[in-house]
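The numbering of the sequence shown is the working numbering, which starts it at 38 and goes up by one.
For glycine and all other residues, C-beta sits at the position ideal for the given N, C-alpha and C.
All values reported here derive from a predicted model rather than from experimental measurement.
Here is the structure we will look at.
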Amino acid sequence: MTFIIKFFNNLKQFPYLVITVLPYSFGNTLEDIRLGQMVAKKKNKKLIFITPTIFPKFLKYKINSKFLITNLTVTKISIVYILVKFVFTFILNLDFLFSRIYFLYYKKKIKNITDYDFPYIGLENLYTNNEVSFESIEKYDNFKLSFLIPKKFYTKSQNILKKINYNNNSKIVCIHVRDSSFHNDKNRRSYRNPTIENYYDSINYLLDKGYSVFRLGLVAEKKIQIFNKNFFDLPFLITPDEIEFLQFYLVENCQFFIAHESGPQYLPWFQNKPTLYTNVFKFFYLTSPNINCRYTFRKIFDKKENKLLNLREYLRLPYAYHDVNKYNDNFLFIENTKEELLNSLKEFEEHYINKNWKLSNLQIEFNDFIKKRLKEMFINKEKDQKNNLSNQNYKILIVKNIISNLGSATQDMIKKNFY
38 MTFIIKFFNN
48 LKQFPYLVIT
58 VLPYSFGNTL
68 EDIRLGQMVA
78 KKKNKKLIFI
88 TPTIFPKFLK
98 YKINSKFLIT
108 NLTVTKISIV
118 YILVKFVFTF
128 ILNLDFLFSR
138 IYFLYYKKKI
148 KNITDYDFPY
158 IGLENLYTNN
168 EVSFESIEKY
178 DNFKLSFLIP
188 KKFYTKSQNI
198 LKKINYNNNS
208 KIVCIHVRDS
218 SFHNDKNRRS
228 YRNPTIENYY
238 DSINYLLDKG
248 YSVFRLGLVA
258 EKKIQIFNKN
268 FFDLPFLITP
278 DEIEFLQFYL
288 VENCQFFIAH
298 ESGPQYLPWF
308 QNKPTLYTNV
318 FKFFYLTSPN
328 INCRYTFRKI
338 FDKKENKLLN
348 LREYLRLPYA
358 YHDVNKYNDN
368 FLFIENTKEE
378 LLNSLKEFEE
388 HYINKNWKLS
398 NLQIEFNDFI
408 KKRLKEMFIN
418 KEKDQKNNLS
428 NQNYKILIVK
438 NIISNLGSAT
448 QDMIKKNFY
């Protein structure tokens with residue numbers, strides 16, 4: 038039944054572009070909304086985003102943010118908007134109900150197939166033209182995305198801050214470190230979940246400097262053992278439903294953001310907030326889309342060779358080793374130490390205080406090396422053809438994301454690991 042939505046999307050007279058977003062991934066949802074907004078503007082249309090909302094327990098899926106799906110838009114709401122969204126959500130839910138049941142109770146159990154083919158609509162074939170040259174791929178004009186948030190949630194957010202005794206005169210810093218509790222992946226993808234204790238020195242540094250630090254995340258495995266009136270460990274202070282909308286308010290009002298590989302990293306990027314993105318180990322990806330972004334990266338240990346790889350050696354490996362959707366067991370990705378995090382934070386804060394985000398020559402050289410390496414992979418100069426970048430359906434989107442990074446790794450990390 039989703040052909041009905043596609044039919045209306047293709048009508049020039051239809052004022053909206055309707056896209057479907059993945060219900061169980063906050064980061065993918067945010068990225069798809071941004072891409073949808075870009076496509077809608079090009080088509081001179083307004084964006085509506087929808088996702089399945091029907092029987093999540095029975096159909097065994099999770100809605101990542103009910104607040105985002107239910108209350109936020111990037112388009113002013115009208116009666117026509119509400120009607121279109123309601124009708125198309127109904128159509129999507131109906132289609133999803135039957136296709137999901139078929140997958141869960143026939144395909145998955147009888148045919149032993151593990152991947153569910155989500156009905157993507159509105160962004161079909163985005164950047165999949167394989168005939169373009171590397172030089173013809175353009176950067177994004179900017180990475181901004183503005184959500185329209187109902188005023189009542191600003192009032193609710195301010196009331197919550199009063200309830201937890203936040204001092205309105207202190208500057209806000211948000212921190213989010215991916216935790217296994219949210220996705221229940223402690224024994225599946227532990228490499229994506231850093232040790233929160235390694236961030237303690239950085240948090241205390243900020244508190245000593247007079248900032249108020251808010252830890253985001255709907256749930257968390259460990260309570261942070263820092264006892265300071267200006268530190269707010271939100272997963273242990275308020276409910277997940279409250280955090281869902283409060284995080285948008287806090288990001289809008291924070292001075293800067295300390296992020297990790299998880300959905301909330303997009304929120305400061307969308308608002309052009311200074312962001313320190315930590316523990317990166319996939320370099321051919323979005324890491325620093327704005328000039329006021331910096332990142333730290335993990336060290337790479339080659340188990341077979343029993344040695345730490347020089348970063349240049351690692352970057353020269355074929356794309357199969359850098360694919361964000363794959364993890365290679367031949368390598369151990371060593372997370373940032375507390376010293377690395379603190380040194381990078383001090384460097385980052387200095388840029389923030391001086392309002393000077395100009396890249397150093399070393400950072401420019403480092404960025405150029407990554408882009409040169411990307412070009413080599415794009416034009417298929419690899420000896421190992423397995424899972425090559427040139428064979429990826431979305432290689433143009435991958436390149437577009439990477440060449441649009443305007444920031445860089447921190448100077449401290451590059452100095453110690455690039456040569």
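Check	Outcome
Looking at the structure shown, is Leu185 part of a helix, part of a strand, or coil, going by DSSP?	strand
Hey, how far is the Cα of Ile263 from the Cα of Lys395?	34 Å
Between which two residues does the alpha helix (DSSP H) harbouring Thr132 extend?	The sequence as given places Asp at residue 132; Thr does not occur at that position. 116 to 139 is the extent of the alpha helix (DSSP H) around Asp132.
Answer yes or no: do Ile407 and Phe368 have a C-beta to C-beta separation smaller than 8 Å?	no
Compute every distance between the C-beta of Arg410 and the non-hydrogen atoms of the ligand MN, then say whether any falls below 7 Å.	The ligand content of the structure shown is nil, which means the ligand MN is not present either.
Between which two residues does the alpha helix (DSSP H) carrying Asp238 extend?	237 to 245
Count the other CB atoms within 10 Å of the CB of Lys461; is the residue buried (16 or more) or exposed (fewer)?	Because the chain here runs from 38 to 456, residue 461 falls outside it and cannot be looked at.
Taking the alpha carbon of Asn430 as the point to measure from, which residue in Phe135, Lys375, Thr447, Phe415 has its own alpha carbon closest?	Phe415
Does the distance from the CB of Ile128 to the CB of Thr39 come in under 8 Å?	yes
With DSSP as the reference, please indicate the residues paired to Asp339 in a beta bridge.	Lys344, Phe368
Could you please give the first and the last residue of the uninterrupted alpha helix (DSSP H) stretch that includes Ala77?	63 to 79
Which of helix, strand or coil does DSSP assign to Tyr322?	coil
Which residues does DSSP list as the beta-bridge partners of Cys291?	Cys291 pairs with nothing; no bridge assigned.
Excluding the 5 residues preceding and the 5 following Phe45 in the sequence, name in chain order all residues of the same chain whose CB lies nearer than 6 Å to its CB.	Phe51
Taking contact to mean at least 3 C-beta pairs separated by less than 8 Å, is the region 308 to 315 in contact with the region 281 to 300?	yes
Across which residues does DSSP place Phe86 in a beta bridge pair?	Ile56
For Val58, which residues in the same chain have their Cβ closer than 6 Å to its Cβ, ignoring the five residues on either side in sequence?	Thr66, Asp69, Phe86, Thr88
Kindly indicate which residue of Ala77, Val55, Phe92, Phe104 has the alpha-carbon position closest to the one of Gln284.	Phe104
If you draw a straight line from the C-alpha of Phe273 to the C-alpha of Asn265, how long is it?	14 Å
Considering only DSSP beta bridges, list what Leu313 is partnered with.	Ile295, Arg331
Could you check where the alpha helix (DSSP H) with Val436 kicks off and where it finishes?	432 to 440
Just verifying my parser: in three-state terms, what is the DSSP assignment at Asp360?	coil
Can you give me the C-alpha to C-alpha distance between Pro93 and Ile100, rounded to a whole angstrom?	7 Å
So what's Thr107 in DSSP terms, helix, strand or just coil?	helix
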